[in-house]
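Oh and the sequence shown: position 263 is 1185 in the numbering used here, straight run, nothing missing.
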Amino acid sequence: MAASLALAAMLLAHRFIPNRWYNLGSLIETFLPWFGLLIPPLIILAAIRRRPLAILIALLPGLVWLKLYAGLLPDKDDGPGDFRVITHNINATNTDTEATADRLLDADPDILALVEVTEHQREEYDRILSEHYAYSAFYGTIALWSDQPIAASNEINLELGWTRAFRAEIDIDGQPVAFYIAHLLSVRVNTEGFTADQRNRTAQLLGRAIAAEQLDRVVLLGDLNGTAQDRALAPITYQLESAHATAGKGFGFTWPAQHPLARIDQVLYRGLEATGADVLEATASDHLPVQADFGF
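Written out as structure tokens, the structure reads:
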């Protein structure tokens, strides 16, 4: 019974697990859905003991888990919108450029954002994608292609010494939309715990930039190296909604590509209607691409 109560308490009050020790709270929140796997063994163990009270208590974490995630499970796709976006961490070591580009183009996005792009990869992708998109913008290791005019673009300073985020204003059928493309710093799990401090700082800076945005319509695309439940991304996620949570199906895990465990590749938005969201089939990257459809 104690284990069931502890699990229910952790799921219900995960926001109160402190980060001061090894960023434990963020680590747990990154993989929080997977704690649901502990629930069936607890129920089975209680049933074997034939103790009705223990069975009822064992059901508590299941009820909390359903409260947290039941809304994600149904398909909420409402059909095509006015424009489609795709974002993909292509992986700097991915040499299968043409196949990766073809996989993304098959989904027919109006806006395509790539992160972790080397200079050589950028030249190769631009050669292929410029045949389909009239407009593009490149900053550091992130890139954007669009079939609608890019009115302006500028780097977002994440105080790293190199560029990992930028803003582009795109006029979509005459409607201005602010797009933020970002690749926050990576995190690691090692003997020092969940080493996410630098990522957390970049999340704060990106959040400030989005908070200062003058346009009502905003879309954030990219690899945030964190899930929407990770409280360290709150400077971003408190301002924006998840397209997958609104219009997708299931958990939408994106990393690692072969056996996805977490959704760290995001499409977040405000001022628009998300009409559909999906995770696409794997490319040669270690991340899965994600897409979303939006309506005005």
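Each residue gets a CB set at the ideal place from its N, CA and C atoms; glycine is no exception.
Check	Outcome
Per-residue DSSP class, three states only, for ASP1095	coil
Cβ pair VAL1007, LEU1142 closer than 8 Å	no
Simplified DSSP state of HIS1222, which is helix, strand or coil	Since the first residue of the chain shown is 923 and the last is 1218, residue 1222 is not available in this structure.
Spatially closest choice to ILE1103 from THR1149, ALA1133, LEU934 and THR1063, by CA coordinates	THR1063
Inter-residue spacing [alpha-carbon to alpha-carbon] between HIS1209 and ILE1012	7 Å
Beta-carbon separation (whole angstroms), VAL1140 vs ARG1185, contact threshold 8 Å	The Cβ separation is near 20 Å, so there is no contact.
Inter-residue Cα distance where the pair is PHE1005 and MET923	51 Å
Through-space distance from ALA928 to ASN1076, alpha-carbon basis	48 Å
Counterpart residues of THR1009 in DSSP-defined beta bridges	ALA1035 and VAL1212
Close beta carbons around THR1040, own chain, < 6 Å, minus the five adjacent residues each side	ALA1014
Cβ contact (3+ pairs, closer than 8 Å) linking the segment 1159-1170 and the segment 1188-1206	yes
Complete beta strand (DSSP E) runs within the segment 934-989 (minimum length 3 residues, chain order)	none
Within 8 Å, strictly: CB atoms of LEU933 and PHE953	no
Where TYR1160 sits in the DSSP three-state scheme	coil
Entirely enclosed alpha helix (DSSP H) segments - the segment 1027-1079, minimum 4 residues	1041-1051
DSSP-derived helix/strand/coil call for THR1197	strand
CB of ALA1021 within 8 Å of CB of ALA1206, strictly	yes
LEU929 (DSSP reduced to helix, strand or coil)	helix
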